[in-house]
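Q: Counting in the working numbering, the first sequence runs without a single skipped number right up to 1467 at its last residue.
For every residue, glycine included, the Cβ atom is placed at its ideal position computed from N, Cα and C.
Only a predicted model underlies this, so the values are computations on that prediction, with no experimental measurement involved.
Got a structure for you, written out below as structure tokens; questions coming shortly.
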Amino acid sequence: MVLAGAGSGKTRVIVHRIAHLIRELGVKPDRILAVTFTNKAAREMKERITSLLDDTSAARIAIGTFHSVCARILRREHRSLKLTSNFTIVTESEQHARVKRAVDTLNIPPDRMAPRQIVTRISNAKNRFQEPEKMLESAGFDLMQKWTARVYEIYQAQLEQDHALDFDDLIVKTVRLLEDNPLVRDAYQERYRYILVDEYQDTNHAQYRLISILSRRYRNVMVVGDDDQSIYRWRGAEISNILNFERDFPGARTVKLEQNYRSTQAILTTAAAMMENNRRRTGKKLVAVRSGGEKVMQVTLGSDREEAEFLAKELTGLHAREHREWSDFGILFRTNAQSRLIEESCLVAQIPFRVIGNTGFFNRKEVKDLFAYIRLALNPLDSASCLRILNTPRRGIGAATREMLMEKTGDRPMFRVLESLVEDRVFPGHKIGRIADFVRGVLEMEKITRTTDVPAFVRLMIERFGYREQFETEDTPESTASLEIIEEFVSAAEEFHRRTGDTLDKFCDYLALNQEQSSDRPGDVEEDQNTVSLLTLHNAKGLEFPVVFITGLEEGLCPCYRSLSDLTEDDLEEERRIVYVGMTRAMQKLFLLSAQRRFRAGKQTDSKPSRFLMELPEKTLERINLQGARTRRARPVSFRDSDAPAVKMSHPFSGNDFRRGDRVVHKRWGTGTVIDLKGRGPEAKITVSFDRAGRKKLLLGPSRLFKMT
DNA sequence: TTGGTTCTCATTTTT
DNA sequence: TGAGAACCAA
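This is how it looks when you write it as structure tokens:
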């Protein structure tokens, strides 16, 4: 076990050990398994190993996330699991849909049970290998838990019928496979003789079991982690995995890495002082290699808007005065909702930026639909996918017909039932044509899943089912957006094909397991372009920036809680770790921002400064109060007054004062000129000719269009 | 069945 | 604020 403090070269250790194993000890690359927490980390690790060794041996090492590694094993071993090799991987959004349907069938008073909560409870149970029956037994008089257990039972039964696995199943079923099946177990224990796990502090119980069983024979495991950076408890991560490592793997040796190569001493001292307030930790002494450094700035702003304006001004200032690259800056926030204002203010100030993390691409209806089509073609047993696209595009199958169909389906595969119903001409004459055509379409597509490359398949599919036509017939901003998403989906397929050349089923896995997908706006910014990064504190893990801004350090937001009473001690410690992760991303400059008013959940709220700010030592800190919007007259921040332009955001739709000829800037399309305008208020529709992207019709409301000042 | 509207309600992080 | 459900009219 390597206990590696922030910035101590964690990943480097893993990469170099792998190189050492192969080069010095002559270990065959395919006997090494390296598990990371995110796909991005896996890619990075692969790259770094490639640069140390050669392409071919690097390619033979099994590197991936727990989920992707398990998916690969399960596909290979599907026979032992009574699964088709084409089993579906259920994404989170679909997990919700499935749970909701299960809740509906149970006649549970819906107000008592938030599907979101049920999902987490089910997930927790799964990760502890608890079956629905066990859960029901142990629920006792806990009514909510009882309901959850019954939902769980239906949910799980339906997954099995559909030959579908959710994220938790991927791990849990792999563990079961290895436990129940000596031959398979032997094979994988042999195969993965050397196991390396990154971010061990974020593993959950099932993942621990997986590592434990795989390593049982050769006992060659190296885990790397930092208990102070454990920030995924809500997802089942158990910090005890790292705290109990020496007990769980007798004879283990622990190495501590306590030299920090990233941050200045000032930054580190500040972060460390805050962490002193946590109790459950191993205790490391991180020492900065870079002594001294500028003081950490703690800035208080009047409102969230002022915070955003301050950011833009500060970025511009540092860019001009200190000749910083835009990519030197990381702006961190606790919740995704916070990024909106910041994006807007960067837009107005013409600062190139990029939002790292979930883009919502996968939440788009179009993406879910197309994904469901592909999955049904690959796995016609997947009734959930069938149900999703049954009436998309419209085929005249509404609620009543759907009910009827579901009734007849029972626990058989819906698509098969549909086939036979068409055969028996159960549907009324005026509908049967379209329904039969749908069935034929799926069957046709099913035939060519193996023989057609991914982009061709996707295009053919869109064509065959008339998925595009439904949007082409109208010319509204919404339909334009839909068409764009469809295009984006096609490009994703092309991109996948170009990079991997893999088959359709691999594309499905890729879509399900790579939901991260970073966004590049405005325009088409390439991956490593020079942009400011906007990201959540969680997404910041593993990254570093010369200058870091942590925003929204306020009670309720960071630490994040709904009501003080449900903030447990453990929750609070995790929140502190989350902030700690953020602070330790900074190499040279660290800004801690808080606002006194913030627009939250549709309301203006007063907020108090985060308690974490009170835990910081004064000697490495400079506190500045800039409340009252007069950022321009403000005392010295990092730049003495400004050659930075004043950034003042115009309210999105307050000024419905767009006129023909106005120069505007759009989140996605960049700069352009207004050429037409219809309607008033947030409903107004506007036509803009963009300099690079051409003419677009936009809905003024959600389009995020700003007048350039 | 579909399209449109209004209403309400909850707001964390993501493989 | 924005998503989803519930409701209503054609």
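#1: For my contact list, L1301 and G1156 are in at a C-beta cut-off of 8 Å; report their separation, rounded to the angstrom.
#2: Grab me the residues of M1033's own chain with a C-beta within less than 8 Å of its C-beta, minus the 5 sequence neighbours each way, in chain order.
#3: In this structure, how does DSSP classify V1474 when only helix, strand and coil are distinguished?
#4: Give a yes or no on contact between the region 1013-1020 and the region 991-1004, applying the rule of three or more CB pairs nearer than 8 Å.
#5: Taking R1098 as the reference, give the member of V1113, S1085, D1086 with the closest Cα.
#6: What whole-angstrom Cβ distance do D960 and A995 have, given they're in contact under 8 Å?
#7: How big is the Cα-Cα spacing for K1454 and L1134?
#8: For S1240, does the count of other Cβ atoms within 10 angstroms reach 16, so buried, or fall short, so exposed?
#9: Helix, strand or coil: how does DSSP classify F1111 here?
#10: From F1247 to V1125, what does the alpha carbon distance come to, in whole angstroms?
#11: Whole angstroms is fine: what's the gap from G1340's alpha carbon to R1320's?
#12: Please state whether DSSP places M759 in a helix, a strand or coil.
#13: Going by CA-CA distance only, name the one from V760, H963, L1145, G1430 that's closest to N885.
#14: Please classify G1413 as buried or exposed, where buried requires at least 16 other C-beta atoms within 10 Å of its C-beta.
#15: Going by other Cβ atoms of all chains shown within 10 Å of its Cβ, with 16 needed for buried, is I772 buried or exposed?
#16: Could you name the residues of the same chain whose beta carbon sits closer than 7 Å to that of S1447, not counting the 5 residues immediately before and after it, in chain order?
#17: Give me, in chain order, the residues of the same chain whose beta-carbon lies closer than 8 Å to that of I807; leave out the 5 immediate sequence neighbours on both sides.
#18: May I have a chain-ordered list of the beta strand (DSSP E) segments no shorter than 3 residues that lie completely inside the region 773-840?
#19: Could you check which residue in A1107, L901, G1115 has the C-alpha nearest to that of L1090?
#20: Relative to the alpha-carbon of A1353, which residue among A1270, K931, Q1056 has its alpha-carbon at the smallest distance?
#21: Please classify D924: does DSSP put it in a helix, a strand, or coil?
#22: If you drop the 5 nearest sequence neighbours on each side, which residues of the same chain put their C-beta closer than 8 Å to that of G1051?
#23: In chain order, what are the residue ranges of uninterrupted beta strand (DSSP E) at least 3 long that sit wholly in the region 868-942?
#24: How big is the Cα-Cα spacing for D1127 and L1136?
#25: Is W1084 near V1290, with beta carbons less than 8 Å apart?
#26: Taking the CB atoms as reference points, tell me whether E710 and T1309 lie closer together than 8 Å.
#27: Mind checking whether R1226 and M1203 have CB atoms under 8 Å apart?
#28: Could you check the C-alpha separation between L1315 and T1093 for me, to the nearest Å?
#29: For the putative contact between K977 and Q947, defined by C-beta atoms under 8 Å, what is the C-beta separation to the nearest angstrom?
#30: Just to confirm, are K858 and P873 a CB contact at a threshold of 8 Å?
#31: With a threshold of 8 Å, are at least 3 pairs of Cβ atoms found where one atom belongs to the region 927-946 and the other to the region 820-834?
#32: Can you tell me whether E1072 is buried or exposed, with buried defined as 16 or more other CB within 10 angstroms of its CB?
#33: With a 10 Å radius around its C-beta and 16 neighbouring C-beta atoms as the bar for buried, classify G765 as buried or exposed.
#34: Buried or exposed: where does L901 fall if 16 or more other Cβ atoms within 10 Å of its Cβ makes it buried?
#35: Quick check on K804: buried or exposed, where buried means 16 or more other Cβ atoms within 10 Å of its Cβ?
#36: Considering just the uninterrupted stretch of the alpha helix (DSSP H) at D1364, what are its terminal residues?
A: With the structure as the only source:
#1: The pair is not a contact, with the Cβ atoms about 48 Å apart (cut-off 8 Å).
#2: D986, R1039, R1334, R1335, Y1338
#3: Residue 1474 lies beyond the stretch modelled for the chain, which goes from 759 to 1467, so this question has no answer here.
#4: no
#5: V1113
#6: 4 Å
#7: 34 Å
#8: buried
#9: strand
#10: 7 Å
#11: 22 Å
#12: coil
#13: H963
#14: Because G1413 sits at a pLDDT of 40, beneath the cut-off of 50, its placement in the model cannot be relied upon, and the following sentence gives the value as read from the coordinates. Classification of G1413: exposed, given that the 10 Å Cβ count is below 16.
#15: buried
#16: G1430, T1431, I1433, R1453
#17: V773, I776, A777, A816, I819, I821
#18: 790-794, 820-823
#19: G1115
#20: Q1056
#21: strand
#22: S1021, T1022, Q1023, A1024, I1025, Q1346
#23: 922-924
#24: 14 Å
#25: yes
#26: There is simply no residue 710 to check, as the chain begins at 759 and stops at 1467 in what is shown.
#27: no
#28: 8 Å
#29: Lys is not the amino acid found at residue 977; the sequence shown has Arg there. With 8 Å as the limit, R977 and Q947 do not qualify as a contact, their Cβ atoms being about 10 Å apart.
#30: yes
#31: yes
#32: buried
#33: buried
#34: exposed
#35: buried
#36: That residue, D1364, is in no alpha helix (DSSP H); its beta strand (DSSP E) goes 1361-1364.
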